[in-house]
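Residue numbers (the working numbering): 417 to 794.
Backbone N, C-alpha and C fix where the C-beta goes; we use that ideal spot for every residue, glycine too.
All remarks here apply to the structure that follows.
In structure tokens:
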């Protein structure tokens, strides 16, 4: 499914990242954010995104979609095919915003939430009209470059809505992964949280500094994970005997006292000062905007390098990078030849864009209740 028009509710770091990815795919976006600084902040993210995309496509970018700042949620979502909610992680706020989206958005639109940990079942109770169209669409920062999006359905989410969401996210160059069971924090953030807890202990106990810990990650397993992930890397570590040998060899380590994962250091001012001071020593010579540029340049370079592997077909994120840059190049080639569409053609295009989700709603309303997704508690 292609998106004719999108809406973004919330223009912080993640919301602005979604706006950038959508606009740079030529999609019109209406955004609502009550922050008086929203226009400036989104503009800063757009500046960085354009710069990164020019490195990906030096021959020229597609024609950008049109960005509109709406005065209300109702105005932003009124004719959107796809809506991405990215407001702060407070359930009461999510309920208020999603209820308003549900009231005013077209019945056939898909609603994605950028939440990093709240279960969709707990959010969709606020949607009295069409809770079946809500999915979690959890991205990783920067949204305009990192392709992964975790898709999670709630108890009321239609399976067809998940399929349409997959198509939507894939159409803008992302790698959608459907999480099989609904659980708080999903998969990516659970892994990150585990590493973060251990890292806090290692710094607090004086085992290493913030900078030393980052160096240990970025000069070793961080590079391995970037191109294979955890399990495939460990399979290789097992040698010719593979994963079974690796697990037999290192399985006993799981009983050794190597981790403080189940114990969390007291999050007090002393710990915050320790981490923040060491972080300043490590990175204070760069502004946040400079660090964003460095990060984006590094990410493009890594994905570009991976794109040349596997006899030019690309490997992992590099394979998707090849497909995405080809897709953007096709869009860019069209911008020089704008076609004037007749009123009838525009109506047909709009009808075609709406059809997949309308079909879902109609089909499910006549069918028996959908199988509940993710009933099991996390």
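Element boundaries [beta strand (DSSP E), containing residue i]
i	result
residue 447	444 to 448
residue 750	Run containing residue 750: none in the beta strand (DSSP E); it sits in the alpha helix (DSSP H), 733 to 750.
residue 500	498 to 501
residue 565	564 to 569
residue 591	591 to 594
Assigned exposure category for residue i - 16 Cβ within 10 Å defines buried
i	result
residue 597	exposed
residue 437	buried
residue 768	Because residue 768 sits at a pLDDT of 45, beneath the cut-off of 50, its placement in the model cannot be relied upon, and the following sentence gives the value as read from the coordinates. When all chains shown are included, residue 768 counts as exposed.
residue 561	buried
residue 692	exposed
residue 510	buried
residue 740	buried
residue 665	exposed
residue 763	Low confidence applies here, because residue 763 scores a pLDDT of 47, under 50, leaving its location unreliable; read the following figure in that light. Exposed, since its Cβ has fewer than 16 Cβ neighbours within 10 Å.
residue 550	buried
residue 765	Note that residue 765 has pLDDT 46, beneath the 50 cutoff, so the model's placement of it is unreliable and the number below is only indicative. Exposed is the call here.
residue 688	exposed
residue 503	buried
residue 861	In the structure displayed, the chain extends from 417 to 794; residue 861 sits before or after that span and is not available.
residue 461	buried
residue 723	buried
residue 707	exposed
residue 760	With a pLDDT of only 42 at residue 760, under 50, the local geometry of the prediction cannot be trusted, and the value read off the model is given with reservation. That one is exposed.
residue 424	buried
residue 472	buried
residue 757	Bear in mind that the predicted position of residue 757 carries a pLDDT of just 43, short of 50, making it too unreliable to give a figure here.
residue 639	exposed
residue 734	buried
residue 645	exposed
residue 663	exposed
residue 449	buried
residue 540	buried
residue 434	buried
residue 771	Residue placement at residue 771 is flagged as unreliable, the pLDDT there being 46, under the threshold of 50; the coordinate-derived value follows with that caveat. Its Cβ having fewer than 16 others within 10 Å, residue 771 is exposed.
residue 677	exposed
residue 719	buried
residue 697	exposed
residue 755	Bear in mind that the predicted position of residue 755 carries a pLDDT of just 40, short of 50, making it unreliable; the figure below should be weighed with that in mind. Exposed, because fewer than 16 other Cβ atoms sit within 10 Å of the Cβ of residue 755.
residue 670	exposed
residue 566	buried
residue 584	buried
residue 568	buried
For residue i: DSSP bridge partner residues
i	result
residue 680	Answer is none; residue 680 lacks a bridge partner.
residue 553	567
Residue span of the alpha helix (DSSP H) that contains residue i, given as start and end
i	result
residue 575	575 to 587
residue 721	704 to 723
residue 423	Note, residue 423: premise wrong, no alpha helix (DSSP H); beta strand (DSSP E) at 421 to 425.
residue 616	604 to 620
residue 631	626 to 634
residue 572	That residue, residue 572, is in no alpha helix (DSSP H); it is neither H nor E in DSSP.
residue 658	658 to 666
residue 687	685 to 699
residue 652	646 to 653
residue 439	429 to 439
Rounded distance between the beta-carbons of residue j and residue i, thought under 8 Å
i	j	result
residue 478	residue 747	3 Å
residue 536	residue 513	With a Cβ gap of about 14 Å, residue 536 and residue 513 do not count as contacting.
residue 439	residue 480	5 Å
residue 628	residue 675	That pair is no contact at about 19 Å.
residue 489	residue 526	At roughly 16 Å, the Cβ-Cβ gap does not stay under 8 Å, so residue 489 and residue 526 are not in contact.
residue 497	residue 581	Actually they do not touch by this definition, with Cβ atoms about 12 Å apart.
residue 500	residue 528	5 Å
residue 531	residue 505	6 Å
residue 712	residue 486	At roughly 28 Å, the Cβ-Cβ gap does not stay under 8 Å, so residue 712 and residue 486 are not in contact.
residue 716	residue 557	Actually they do not touch by this definition, with Cβ atoms about 15 Å apart.
residue 533	residue 601	4 Å
residue 744	residue 591	Not really, about 16 Å apart at Cβ, beyond 8 Å.
residue 701	residue 464	Wrong, their Cβ atoms sit about 19 Å apart, outside the cutoff.
residue 695	residue 626	5 Å
residue 451	residue 427	7 Å
residue 563	residue 589	6 Å
Chain C contact for residue i (CB, 8 Å cutoff)
i	result
residue 606	Annotation note: the requested chain C is absent from the structure, which comprises a single protein chain.
My parser needs the beta strand (DSSP E) runs of 3 or more residues fully inside the segment 470 to 551; what are they? 483 to 485, 498 to 501 and 526 to 529
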